[in-house]
Amino acid sequence: MIDNLMSTSRVTEVDAVSMRMLGAYQTTSLNTDQHLSAMFTGLESLSAALTTAINRGKAESDLEEKDEARDTQIRALYYVVMGFLHHPNAAIRQAAQTVDKVFEKYGVSITGESYATESSLIASLLNDLSKQKAQDAIALLPGCADVITALQAAQQAFEAARITYEQEKAQESTQASATKQKPELVALINDKIVVYLRAMEVVDVETYGAFARTIATIIAENNEVVKKRRKKEEPVG
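Numbering (UniProt numbering), first residue to last: 1 to 237.
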């Protein structure tokens with residue numbers, strides 16, 4: 001008996017189940033069953049759309065992480081310069097003042113700007129810091145150049161992530177979110193594929209039995225993971 005796929009399965013779990021089911025189907029000779037073939041064609045389409053939607057969500061999350069990484073380097077630069085402003089060595093203090101004069105035009109507050117505005121301001125800051133006077137001062141401040149290099153790297157990583165995000169987001173107008181697509185995929189699996197295989201396993205076990213058992217195993221393994229997670233999340237009385 002094939003159990004239904006639990007509707008409380010996570011989006012990524014439903015996606016994984018659908019891909020495993022497709023992989024199992026492709027190893028059979030059941031493509032002569034036009035009814036089953038149509039179901040799996042639909043499954044392939046929905047699974048691909050769900051995977052794309054999941055990737056879009058990952059791209060957004062990655063962009064947020066990359067933004068936080070560059071914010072961290074902005075704050076690091078601020079603290080490094082602030083520390084050297086109180087250094088006992090006059091030459092180092094003066095060098096810190098030179099760098100601070102450049103930094104204060106932008107300030108830590110740029111981390112609160114929009115992605116586009118912050119990118120523009122960081123590019124301008126890095127350009128100002130690359131000028132000879134600033135470079136001479138930076139050379140006198142141990143660790144300052146390393147922080148600036150890290151900021152440059154973080155900014156480049158952010159821009160690369162933003163391109164990926166924009167490419168994924170461009171598809172939003174024609175594709176639903178992962179959470180909206182999941183119920184449709186679960187319904188196809190439970191209400192059509194599972195129901196059909198249950199019936200065909202009884203009618204023609206020789207032809208459908210092995211495949212039905214494979215699908216039953218795929219779903220059962222997923223459901224077991226969901227059940228264990230649910231037990232873990234239950235509060236202890």
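Each residue gets a CB set at the ideal place from its N, CA and C atoms; glycine is no exception.
Being a predicted model, the structure only gives us computed values, none of them experimental.
The DSSP assignment places no complete beta strand (DSSP E) segment of no fewer than 3 residues inside the region 120 to 160.
For G57, the enclosing alpha helix (DSSP H) begins and ends at Q34 to F84.
In terms of CA proximity to R162, K66 leads the group S120, N127, K66 and I110. In this structure, the alpha-carbon of I148 lies about 20 Å from that of E113.
An exposed status is given to Q132, since fewer than 16 other beta-carbon atoms sit within 10 Å of its beta-carbon.
Contact between V202 and L5 does not hold, since the beta-carbon distance rounds to 20 Å and is not under 8 Å.
E104 sits in coil when the DSSP states are folded into three classes, being neither helix nor strand. Within the same chain, L126 come within 8 Å of Q152 by CB-CB distance, once the 5 residues on both sides are set aside.
Under the three-state reduction of DSSP output, P88 falls in the coil class, being neither helix nor strand. In the three-state reduction of the DSSP assignment, D15 falls in the helix class.
DSSP, reduced to helix, strand and coil, places R20 within a helical segment of the structure shown.
At the C-beta level, V99 and A134 come within 8 Å of one another. For E201, the enclosing alpha helix (DSSP H) covers residues V195 to V203. For the 8 Å CB-CB criterion, A24 and I189 do not form a contact. The Cβ atoms of A154 and R70 sit closer than 8 Å to each other. By the Cβ neighbour-count rule, Q97 is exposed, with fewer than 16 other Cβ atoms within 10 Å of its own. In the structure shown, L5 adopts coil according to DSSP, grouped into three states. Looking at the backbone, the Cα of Q34 and that of V194 are separated by about 16 Å.
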